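Structure, as structure tokens:
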Amino acid sequence: MAKEYIFGDKTDWDTAECICGNHAFGDGFSDSDKLCNPGKPKKDWDLRLVVCLHCGRIINPETFEVAGENPKVGVFA
Ligand SMILES: [Zn+2]
Numbered sequence: 000m001a002k003e004y005i006f007g008d009k010t011d012w013d014t015a016e017c018i019c020g021n022h023a024f025g026d027g028f029s030d031s032d033k034l035c036n037p038g039k040p041k042k043d044w045d046l047r048l049v050v051c052l053h054c055g056r057i058i059n060p061e062t063f064e065v066a067g068e069n070p071k072v073g074v075f076a
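Residue 4 in numbering that gives the first Met the number 0 sits at position 5 of the sequence shown; the count goes up by one each step and never skips.
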């Protein structure tokens, strides 16, 4: 499966826009642990990930690569 990347300027997270169209000023994003559960970053997290609160995509904010998906998050409608 081809890697997916969200849109925006990697040097400025405020410009990040998820493939679903969500962005930091829409539904927004949350920090996420490795199991893709939203939460506050903890010291033992070896990699910071964020989860799109609209579609549940898990995103690496350094590379803008989509690292996974959390089916429990997003699409609240
Ligand atoms: Zn999304």
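Ideal Cβ placement from N, Cα and C applies to all residues, glycine included.
Model, not experiment: these values are computed from the prediction.
Under a three-way DSSP split, which group does Asp8 fall into?
-> One-based indexing of the sequence shown puts residue 8 at position 9. Asp8: coil per DSSP, three-state reduction.
Backbone secondary structure at Asp26 - three-state DSSP | The residue labelled residue 26 in the question sits at position 27 within the sequence shown. Correct three-state label for Asp26: coil.
May I ask whether a heavy atom of ligand 1 can be found less than 8 angstroms away from the beta carbon of Gly7?
-> As a working mapping, residue 7 is identified with position 8 in the sequence shown. Exclusion of Gly7 from the 8 angstroms shell around ligand 1 follows from its C-beta lying no nearer than that to any non-hydrogen atom of the ligand.
Span of the beta strand (DSSP E), counted from its first residue to its last, around Gly20 = Within the sequence shown, residue 20 is the residue found at index 21, counting from 1. Taken as a continuous stretch (DSSP letters only), Gly20 belongs to no beta strand (DSSP E), as it is neither H nor E.
Under 9 angstroms, do Val72 and Leu48 count as touching if we go by C-beta distance?
-> For the purposes of this step, residue 72 is taken as the residue at position 73 of the sequence shown. For the purposes of this step, residue 48 is taken as the residue at position 49 of the sequence shown. No, the Cβ-Cβ distance between Val72 and Leu48 is not below 9 angstroms.
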